[in-house]
Amino acid sequence: MTSSSSAPTAPVIAAAPTAPMSRALVLLLAVGAGLSVAPLYYAQPMLGLLSTEFHASASQIGLIPMLTQLGYAVAILLLSPLGDRIERRRLIAYKSVALLLALLTAAASPNLIALCLASVGIGITASLAQDLVPAAATLAPDAQRGQTVGTVMTGLLLGILLSRVVSGTLAQTLGWRWVFGIAAVSILGLGLALQRGLPRMPPTNRMPYGELLRSMVTLTRRHAALRTAAATQLLLAVGFSAFWSTLAMMLHQSMNLGSAAAGAFGLAGAAGALAAPLAGRVADKRGARAVIRLGAMLVLVSFLAMGLMPGNLWVLVAGTVLFDLGVQSCLVAHQSIVYGLEPPARSRLNAVLIGAMFIGMASGAWLGAMALQSLGWRGVCGLAVITSALALFLRLRADRADRANQVSTA
3 MTSSSSAPTA PVIAAAPTAP MSRALVLLLA VGAGLSVAPL YYAQPMLGLL
53 STEFHASASQ IGLIPMLTQL GYAVAILLLS PLGDRIERRR LIAYKSVALL
103 LALLTAAASP NLIALCLASV GIGITASLAQ DLVPAAATLA PDAQRGQTVG
153 TVMTGLLLGI LLSRVVSGTL AQTLGWRWVF GIAAVSILGL GLALQRGLPR
203 MPPTNRMPYG ELLRSMVTLT RRHAALRTAA ATQLLLAVGF SAFWSTLAMM
253 LHQSMNLGSA AAGAFGLAGA AGALAAPLAG RVADKRGARA VIRLGAMLVL
303 VSFLAMGLMP GNLWVLVAGT VLFDLGVQSC LVAHQSIVYG LEPPARSRLN
353 AVLIGAMFIG MASGAWLGAM ALQSLGWRGV CGLAVITSAL ALFLRLRADR
403 ADRANQVSTA
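Every letter in the sequence shown is one number past the one before it in my numbering, and letter 226, counting from 1, is 228.
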């Protein structure tokens, strides 16, 4: 892979583009986001197989998704802000190589401890996906930013959900090591395509790294909308991660279904993810806050139904579609709000929002494993009901405060 400094023909993008992005570039970013985020989730449908191979309990095997999500959260908070300071295409090249090496390490892991360490590395380097989403926001004109980000987020979300289908099927037919090996090949191809297809994106500031990180705290203090978005998405992520991190174990223990069946649920979740561009368009035209309220309600109702009827497979499938639709619509709407706060700081704003979300994902993976082991599937759904209700409460409270401020300043 070549860095931007050795590619003189690459165009330089202005800070405020007015021309629409080409479809090919949007597609490249969407596919890139999906392929680079997918390694975070390849292990989830395989947890039953991994538990058997390594003779691990549900709580022990739950360390794999927890550490992966935690590594991702740490990388978003500590590495993604560099997108405002370093030429973004060069940063993308470095992370592509690092993710390739982490996946190869996972494929060769001899025991659970080694796989856990490799999972941390995968989580850190898969933050490549969160360099591509702000790139889409930077390259898109203002009038199309919500739709463009929504399209790229569809690629990212389909990567999250379809990764489970792919890994579950491959693991059952070829073995779990092949999953990580094939993923490494996909990242190699992606890295080459991104370096060839992406334009140069000059940094927006030159502040020292320590000051760059401290500025994230300043941004969080300055913008109440950012604080609300981060807290709300964190809470929604707890239930989302608890569900997906325990589904394979539940299906394996309660219904005697294998990794392919667990992965197939990704198709149901993918149906919900396809609504992400629609959520972005609605947020552009009608306002993001209404999208978030509706999305949080969908999540709450879905988990409530799955908790009340835990043995009903049709309810499980329908609930998967609806809660994924709700979570992903909320995320796209939150990004629409956050990216508009301070355009030169988009990487740092995104780091706060997505970092908070993946802290919720890591917490949800651990809490979900504890809930499944102690309370069964109803406990997992109950956890998601509580967190989604709190998320809806935060959104409604923030909306009331905004209306009160508008009345007082009128």
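Beta carbons are placed, not taken as given, at the ideal position from N, Cα and C, and that holds for glycine.
Since this is a predicted model, take the numbers as computed values, not measurements.
Would you say residue i and residue j are within 7 Å of each other, going by their C-beta atoms?
i: ARG397; j: THR234; result: yes
i: THR127; j: LEU158; result: no
i: SER111; j: ALA120; result: yes
i: LEU355; j: VAL340; result: yes
i: ASN407; j: PRO136; result: no
i: SER59; j: GLN132; result: no
i: VAL301; j: MET308; result: no
i: MET68; j: ALA173; result: no
i: TRP180; j: LEU51; result: no
i: SER38; j: GLN375; result: no
Which residue from the options puts its Cα closest to that of residue i?
i: VAL168; options: PHE182, SER338, GLN197, GLY157; result: PHE182
i: GLY118; options: LEU72, MET372, MET155, GLN132; result: A small correction: the amino acid at residue 118 is Cys; Gly does not occupy that position in the sequence shown. Here the closest residue by C-alpha is LEU72.
i: ALA371; options: ARG402, GLN197, PHE242, TYR341; result: PHE242
i: SER365; options: LEU324, VAL303, VAL240; result: VAL240
i: GLY64; options: TYR96, ILE388, ARG402, ALA373; result: ALA373
i: GLY152; options: GLU89, ASN113, MET218, VAL293; result: VAL293
i: LEU228; options: GLY357, VAL187, PRO204; result: GLY357
i: GLY378; options: MET251, LEU318, GLN132, ALA393; result: MET251
i: LEU394; options: MET203, ALA142, ALA232; result: ALA232
i: SER224; options: SER129, GLU344, GLN375, LEU315; result: First, the amino acid is wrong: residue 224 is Arg here, not Ser. Nearest option by C-alpha distance: GLU344.
i: LEU236; options: LEU392, GLN62, SER38; result: LEU392
i: LEU106; options: TYR74, ALA185, GLU213; result: ALA185
i: ASP401; options: ALA226, ALA75, ARG208; result: ALA226
Can you find the residues in the same chain that come closer than 6 Å, C-beta to C-beta, to residue i, ignoring five residues on each side of it along the sequence?
i: SER165; result: ALA40, TYR43, TYR44
i: THR206; result: ASP86, PRO346
i: ALA138; result: LEU31, THR150, VAL151, VAL154
i: SER53; result: ILE63
i: ARG405; result: none
i: GLN444; result: The displayed coordinates of the chain run from 3 to 412. Any statement about residue 444 would go beyond what the structure contains.
For residue i, collect the residues of the same chain with a Cβ closer than 8 Å to its Cβ; drop the 5 residues on either side in sequence, then sort them by chain order.
i: ALA26; result: GLY199
i: LEU296; result: GLY328, SER331
i: ARG399; result: none
i: SER8; result: For SER8, the predicted structure reports a pLDDT of 39, less than 50, and the residue's modelled location is therefore unreliable. The matter cannot be settled from this model.
i: SER129; result: TYR74, ALA77, ILE78, LEU81, SER82, LYS97
Please report the distance separating the alpha-carbon of residue i from that of residue j.
i: LEU80; j: LEU30; result: 25 Å
i: SER349; j: ASP86; result: 6 Å
i: THR222; j: ILE162; result: 27 Å
i: PHE305; j: ALA386; result: 6 Å
i: SER98; j: LEU190; result: 7 Å
i: SER24; j: PRO201; result: 12 Å
i: ALA108; j: LEU238; result: 29 Å
i: GLN255; j: THR175; result: 20 Å
i: ALA77; j: SER390; result: 25 Å
i: ALA12; j: PRO204; result: Note that ALA12 has pLDDT 41, beneath the 50 cutoff, so the model's placement of it is unreliable and the number below is only indicative. Cα-Cα distance, rounded: 11 Å.
i: PHE56; j: TYR96; result: 33 Å
i: GLY384; j: VAL122; result: 28 Å
i: THR1; j: MET311; result: Any question about residue 1 goes unanswered here, given that the chain covers just 3 to 412.
i: TRP246; j: ALA290; result: 26 Å
i: GLY321; j: ALA367; result: 19 Å
i: MET3; j: LEU194; result: For MET3, the predicted structure reports a pLDDT of 42, less than 50, and the residue's modelled location is therefore unreliable. A value from the coordinates is still provided. About 6 Å.
i: THR230; j: ILE115; result: 37 Å
Chain D beta carbons: is any one of them nearer than 7 Å to that of residue i?
i: ALA116; result: Of the protein chains in this structure there is only one, and it is not chain D.
Grab me the residues of residue i's own chain with a C-beta within less than 7 Å of its C-beta, minus the 5 sequence neighbours each way, in chain order.
i: GLY34; result: LEU134, LEU192, LEU196
i: ASN113; result: PHE56
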